[in-house]
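Residue numbers (my numbering): 14 to 160.
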């Protein structure tokens with residue numbers, strides 16, 4: 014009986030731990046080049062990573078909240094912005110002269126190939142790369158940032 018209770022307790026612990034691990038994923042997708050880009054949340058920090066399962070090419074952090082105004086998102090985090098028929102979530106990560114702007118954009122009426130979900134890379138303010146997500150690999154959990 015004691016062994017059964019221990020197994021049940023361990024199962025509950027593992028389920029709770031696994032739920033927490035899943036909740037920290039904010040966004041993830043794959044590219045046509047076999048790379049994965051994702052944003053994870055670690056308390057008040059958002060972590061962007063890009064690479065393969067065996068090798069991460071880049072990892073960058075940004076604060077979720079404005080440090081001066083508690084409860085207000087930082088200027089790098091733009092959620093549920095509406096522009097015409099489009100709605101988008103966007104997070105910017107800065108690395109020296111480079112900025113990585115990950116955007117999940119959708120047409121509120123009809124999804125189409127004209128919408129872009131992926132990352133735009135800029136050196137200073139000049140675009141240097143645009144990497145699009147493969148549509149059916151997108152895991153969008155930006156709404157979790159409101160919790």
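Think of the CB as a built atom: it goes at the ideal place given N, C-alpha and C, for glycine as much as any other residue.
Any idea what DSSP makes of residue i, helix, strand or coil?
i, result
"residue 133", "strand"
"residue 70", "strand"
"residue 110", "coil"
"residue 35", "Low per-residue confidence applies at residue 35: pLDDT is 37, beneath 50, and the placement is therefore not dependable, though the value from the model is reported in the following sentence. Note: residue 35 maps to helix in three-state DSSP."
"residue 75", "strand"
"residue 153", "strand"
"residue 80", "coil"
"residue 65", "coil"
Thinking residue i and residue j are a contact (beta carbons under 8 Å), I'd like their distance in whole angstroms, please.
i, j, result
"residue 242", "residue 51", "Any property of residue 242 remains undetermined from this structure, which presents the chain solely from 14 to 160."
"residue 133", "residue 140", "6 Å"
Using the Cα positions of residue i and residue j, report the straight-line distance between them to the nearest angstrom.
i, j, result
"residue 76", "residue 93", "18 Å"
"residue 163", "residue 115", "Residue 163 is absent from the structure shown; the chain starts at 14 and stops at 160."
Tell me whether the beta-carbon of residue i lies closer than 8 Å to the beta-carbon of residue j.
i, j, result
"residue 41", "residue 143", "no"
"residue 111", "residue 78", "no"
"residue 60", "residue 69", "no"
Excluding the 5 residues flanking residue i on each side, which residues of the same chain have their C-beta closer than 8 Å to its C-beta?
i, result
"residue 137", "110"
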